[in-house]
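> One structure is given below, represented as structure tokens, and several questions about it will come after.
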Amino acid sequence: MNFLSLGIIFMLLSLAASPIQYAYSYQVGISFPVGVTYFPLFSVTYTPFVEGVVNLTSLSIGRSFISGQLFQYGNASLQLNVMLNGTYWVQNVMLFHELSDKTFEVIMVVNFWNLTGPFTTLIQNSTIFQGLGVYCYQGPRFNVSLPVSLSLFLNSSRSLQFGYSVNGERNVYLDLPFSGLFKLGGLSANGLPNDLEIVWGGPGGGSSVDMTAQGREELYYLDDGKLAVVPSALSVGLDTAESAYGIATSPDLSNITLPSANINRGVNSPSVLWPIPPKINVTQINDMVKVKLCYGNYTFSNQVVEIRVIKGLSLTPLYQGVTNASGEVVFKNVTEPFYQVYFPGNYSLSQSYALSSPQLNRLIGSTTTAFDNLINFLKTYNFKKALSSDFNHVKYQSKTSVDYLTLEVILGLVAGILISALTLRKLSHS
Numbered sequence: 008m009n010f011l012s013l014g015i016i017f018m019l020l021s022l023a024a025s026p027i028q029y030a031y032s033y034q035v036g037i038s039f040p041v042g043v044t045y046f047p048l049f050s051v052t053y054t055p056f057v058e059g060v061v062n063l064t065s066l067s068i069g070r071s072f073i074s075g076q077l078f079q080y081g082n083a084s085l086q087l088n089v090m091l092n093g094t095y096w097v098q099n100v101m102l103f104h105e106l107s108d109k110t111f112e113v114i115m116v117v118n119f120w121n122l123t124g125p126f127t128t129l130i131q132n133s134t135i136f137q138g139l140g141v142y143c144y145q146g147p148r149f150n151v152s153l154p155v156s157l158s159l160f161l162n163s164s165r166s167l168q169f170g171y172s173v174n175g176e177r178n179v180y181l182d183l184p185f186s187g188l189f190k191l192g193g194l195s196a197n198g199l200p201n202d203l204e205i206v207w208g209g210p211g212g213g214s215s216v217d218m219t220a221q222g223r224e225e226l227y228y229l230d231d232g233k234l235a236v237v238p239s240a241l242s243v244g245l246d247t248a249e250s251a252y253g254i255a256t257s258p259d260l261s262n263i264t265l266p267s268a269n270i271n272r273g274v275n276s277p278s279v280l281w282p283i284p285p286k287i288n289v290t291q292i293n294d295m296v297k298v299k300l301c302y303g304n305y306t307f308s309n310q311v312v313e314i315r316v317i318k319g320l321s322l323t324p325l326y327q328g329v330t331n332a333s334g335e336v337v338f339k340n341v342t343e344p345f346y347q348v349y350f351p352g353n354y355s356l357s358q359s360y361a362l363s364s365p366q367l368n369r370l371i372g373s374t375t376t377a378f379d380n381l382i383n384f385l386k387t388y389n390f391k392k393a394l395s396s397d398f399n400h401v402k403y404q405s406k407t408s409v410d411y412l413t414l415e416v417i418l419g420l421v422a423g424i425l426i427s428a429l430t431l432r433k434l435s436h437s
């Protein structure tokens, strides 16, 4: 009898002995894996290195739930997830356990999924869920104090290396005999998106956690030998079943060439972090047209803006200018009654335009931008296809007189993975 069977038996006995303790508290609201996710819709990128960076100034972890039932208290996960060769789902995870307002125990955990079947080489520490091979590994544990700068990284150049850093000190803690390239874009062997994500969620088993945090997140990949910020980003993970509520990410566009995400208290919903279309404010006085590019409290300097007019069946640039330090540009001697103010987009800003008259809407066809494509994708994506993580037999150090609080992701975990895997199998055959 293996550890999984013993865990299931233990869970069944525990539930039979105390059927009420899990029934008094329920999750409220919808939740998603919260963070930064890159999933190119119309292209595929291959890279041997990915990294997620999180700078935390505050963190508070409350209760977690599985299927609405109370699961744990004070535990959450930060996950860097990506597809290797479109065949293996790689999870490099920091499990957080709150010891005090400023101090957290962190345990490094690996989940490595074979989406085509059981492992033939990784026998030890691996198991099978509905035909999917899962390798589980518990790495080092350590404490961190806020504020703190953390990162999770993966390198597949010669083998598959799992690493992390704390305040700039980098460590590789596991090396697996797999190599290849991380595939960003398209669908994996079982139909999941090949995305790259650095996300917060519950402590395994598809759990959801109530938490708050303040900080900043960044997501990188190796592009042509240089570490680059992902060119587009979503606020939710696409492959992860663990989720969080009470926190939300929003774009930090103070430097449009190096965008990042702010983490704050809030309600997170699937949204595009970047590229985003800036708002174009247009003021015309006589023949002078004043244009301002902005998004929320951000204004954008050194950006090219055009005024286009209709000539024949197309729009032709008539004037061109560059925004000043306040995000403004002034055009003089504009005598045309009908025109389009056009911004072509740049880095983390999507293209955008404004019209001098609503009548032009009938003459100018709407332009689909990268932002529009991502919005449409989020509207139709089925988040129920996500995979539940297996953080089996991970023990958290306790701040009480008990040496360890055992986090057994037992029946809830097993059910979460089985249901997710079964759903994927049904989808793949439909």
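Position one of the sequence shown corresponds to residue 8 (this note's numbering), numbered consecutively onward.
Backbone N, C-alpha and C fix where the C-beta goes; we use that ideal spot for every residue, glycine too.
Which two residues bound the contiguous alpha helix (DSSP H) that contains Phe378?
Within the sequence shown, the letter at position 371 stands for residue 378. From DSSP, the alpha helix (DSSP H) with Phe378 extends over Ala377 to Thr387.
> Using the C-alpha atoms, what's the distance from Gln327 back to Asp246?
Counting from 1 along the sequence shown, the entry for residue 246 is found at position 239. Counting from 1 along the sequence shown, the entry for residue 327 is found at position 320. One C-alpha to the other measures close to 43 Å.
> Which residue comes first and which comes last in the beta strand (DSSP E) that contains Phe103?
Stepping through the sequence shown from its first residue, residue 103 is reached at position 96. It spans Tyr95 to Glu105 - the beta strand (DSSP E) in which Phe103 sits, taken as one unbroken run.
> Could you name the residues that DSSP lists as bridge partners for Pro154?
Start at 1 with the first residue of the sequence shown, and residue 154 comes out as number 147. Answer is none; Pro154 lacks a bridge partner.
> From the DSSP secondary-structure annotation, give me the bridge partner or partners of Arg458.
One cannot answer for residue 458 here, as it falls past the ends of the chain, which runs 8 to 437.
> Mapping the DSSP letters down to three states, classify Phe119 as helix, strand or coil.
The residue given as residue 119 occupies position 112 in the sequence shown. Residue state, collapsed to three classes: strand.
> Pro40: which of Pro147, Leu241 and Val348 sits nearest, CA to CA?
The residue you call residue 40 lines up with position 33 of the sequence shown. That would be Leu241, whose Cα lies nearest to the Cα of Pro40.
> According to DSSP, which residues form a beta bridge with Glu225?
Translated into the one-based positions of the sequence shown, residue 225 becomes position 218. In DSSP, Glu225 forms a bridge with Val60.
> Just to confirm, are Glu224 and Asn88 a CB contact at a threshold of 8 Å?
In the sequence shown, residue 224 corresponds to position 217, counting from 1. In the sequence shown, residue 88 corresponds to position 81, counting from 1. The answer is no: Cβ separation not under 8 Å.
> May I have the straight-line CA-CA distance separating Leu85 from Gly211, to the nearest angstrom?
If you number the sequence shown from 1, residue 85 lands on position 78. If you number the sequence shown from 1, residue 211 lands on position 204. Computed Cα separation, rounded: 11 Å.
> To the nearest angstrom, report how far apart Leu157 and Thr387 are at their CA atoms.
On the sequence shown, residue 157 is found 150 positions in, with the first residue counted as 1. On the sequence shown, residue 387 is found 380 positions in, with the first residue counted as 1. About 33 Å.
> Could you check where the beta strand (DSSP E) with Ala248 kicks off and where it finishes?
Stepping through the sequence shown from its first residue, residue 248 is reached at position 241. Unbroken run through Ala248: none, as it is neither H nor E.
> What residue range is occupied by the uninterrupted beta strand (DSSP E) comprising Ser242?
Mapped onto the sequence shown, residue 242 falls at position 235. Ser242 -> beta strand (DSSP E) spans Ala240 to Val243.
> Return helix, strand or coil for Phe72, following the three-state DSSP convention.
On the sequence shown, position 65 is the one that residue 72 refers to. In this structure, Phe72 counts as strand in the three-state DSSP scheme.
> So what's Phe136 in DSSP terms, helix, strand or just coil?
Taking the first residue of the sequence shown as 1, we reach residue 136 at position 129. Looking at Phe136 - three-state DSSP - the assignment turns out to be strand.
> Taking contact to mean 3 or more Cβ pairs, one atom from each stretch, closer than 8 Å, check whether the segment 72 to 81 and the segment 163 to 176 are in contact.
no
> Which residue wins for smallest C-alpha separation from Gly208, given the options Pro200, Asn201, Leu199 and Thr219?
The residue labelled residue 208 in the question sits at position 201 within the sequence shown. Checked all of Pro200, Asn201, Leu199 and Thr219; the closest Cα to Gly208 is Thr219.
> Using three-state DSSP, classify Phe46 as helix, strand or coil.
For the purposes of this step, residue 46 is identified with residue 39 of the sequence shown, where counting begins at 1. Coil at Phe46, not helix or strand.
> Taking the straight line between their C-alpha atoms, what separation do you get for Val151 and Pro282?
As a working note, residue 151 is residue 144 in the sequence shown. As a working note, residue 282 is residue 275 in the sequence shown. Whole-angstrom Cα-Cα distance: 33 Å.
> So who's on the other strand from Lys109, going by DSSP bridges?
Residue mapping note: residue 109 aligns to position 102 of the sequence shown, counting from 1. The partner list for Lys109 (beta bridge, DSSP) is empty, contrary to what the question assumes.
> Are Val348 and Val298 close, meaning C-beta to C-beta below 8 Å?
Sequence index remark: in the sequence shown, residue 348 carries index 341 (1-based). Sequence index remark: in the sequence shown, residue 298 carries index 291 (1-based). Contact: yes.
> What residue does the beta strand (DSSP E) around Val279 start on, and which one ends it?
In the sequence shown, the residue the question calls residue 279 occupies position 272. Unbroken beta strand (DSSP E) run through Val279: Val279 to Trp281.
> Express the C-alpha separation of Lys190 and Leu48 in angstroms, rounding to a whole number.
Within the sequence shown, residue 48 is the residue found at index 41, counting from 1. Within the sequence shown, residue 190 is the residue found at index 183, counting from 1. About 13 Å.
> Run through DSSP, which three-state label would Phe185 get?
As a first step, residue 185 is located in the sequence shown; it is residue number 178 there, counting from the start. Of the three classes helix, strand and coil, the one that applies to Phe185 here is coil, per DSSP.
> Would you call the CB atoms of Leu202 and Tyr45 closer than 8 Å?
One-based indexing of the sequence shown puts residue 202 at position 195. One-based indexing of the sequence shown puts residue 45 at position 38. Note that residue 202 is Asp in the sequence shown, not Leu. Yes. Within cutoff.
> Kindly give me the distance between the Cβ atoms of Gly146 and Gly124, rounded to whole angstroms, as I take these residues to be in contact under 8 Å.
For this step, residue 146 is matched to residue 139 along the sequence shown. For this step, residue 124 is matched to residue 117 along the sequence shown. About 26 Å separates the two Cβ atoms, so there is no contact after all.
> Compare the beta carbon distance of Phe119 and Val97 with 8 Å and say whether it is the shorter of the two.
Counting from one through the sequence shown, the residue named residue 119 turns up at place 112. Counting from one through the sequence shown, the residue named residue 97 turns up at place 90. For Phe119 and Val97, yes; Cβs fall inside 8 Å.
> Could you tell me whether the segment 288 to 297 touches the segment 256 to 276, using the rule of 3 or more Cβ pairs below 8 Å?
The segment 288 to 297, when compared against the segment 256 to 276, does not touch it at the 8 Å Cβ threshold.
> Among residues of its own chain, excluding the 5 on either side of Ser455, which ones have a beta-carbon nearer than 7 Å to its beta-carbon?
Any question about residue 455 goes unanswered here, given that the chain covers just 8 to 437.
> Using DSSP with H/G/I as helix, E/B as strand and the rest coil, what is Phe307?
For the purposes of this step, residue 307 is taken as the residue at position 300 of the sequence shown. DSSP places Phe307 in coil when its eight states are reduced to three.
> Run the CB neighbour count on Leu183, radius 10 Å, all protein chains shown included, and call it buried at 16 or more, exposed below.
Numbered from its first residue, the sequence shown carries residue 183 at position 176. Classification of Leu183: buried, given that the 10 Å Cβ count is 16 or more.
> Spatial neighbours of Val100 within its chain, please: CB distance less than 6 Å, with the 5 preceding and 5 following residues excluded, ordered by chain position.
By one-based count along the sequence shown, residue 100 stands at place 93. Here the set comprises Ser84, Gln86 and Val116.
> Verify whether the separation of the beta carbon atoms of Gln310 and Asn353 is less than 8 Å.
The residue you call residue 310 lines up with position 303 of the sequence shown. The residue you call residue 353 lines up with position 346 of the sequence shown. Yes, Cβ-Cβ distance for Gln310 and Asn353 is below 8 Å.
> So, using beta-carbon positions, are Thr306 and Ser278 closer together than 8 Å?
The sequence position of residue 306 within the sequence shown is 299, counting from 1. The sequence position of residue 278 within the sequence shown is 271, counting from 1. Their beta carbons are not under 8 Å apart, which means Thr306 does not touch Ser278 by this criterion.
> Throw me the rounded Cβ distance for the Tyr144 and Asn162 pair, which I believe falls under 8 Å.
Along the sequence shown, one-based indexing puts residue 144 at 137. Along the sequence shown, one-based indexing puts residue 162 at 155. Their Cβ separation, rounded to whole angstroms, is 16 Å, which puts Tyr144 and Asn162 out of contact at 8 Å.
> Looking at the secondary structure, which residues open and close the beta strand (DSSP E) in which Val341 lies?
On the sequence shown, position 334 is the one that residue 341 refers to. Judged by DSSP secondary structure, Val341 falls outside any beta strand (DSSP E); it is assigned neither H nor E.
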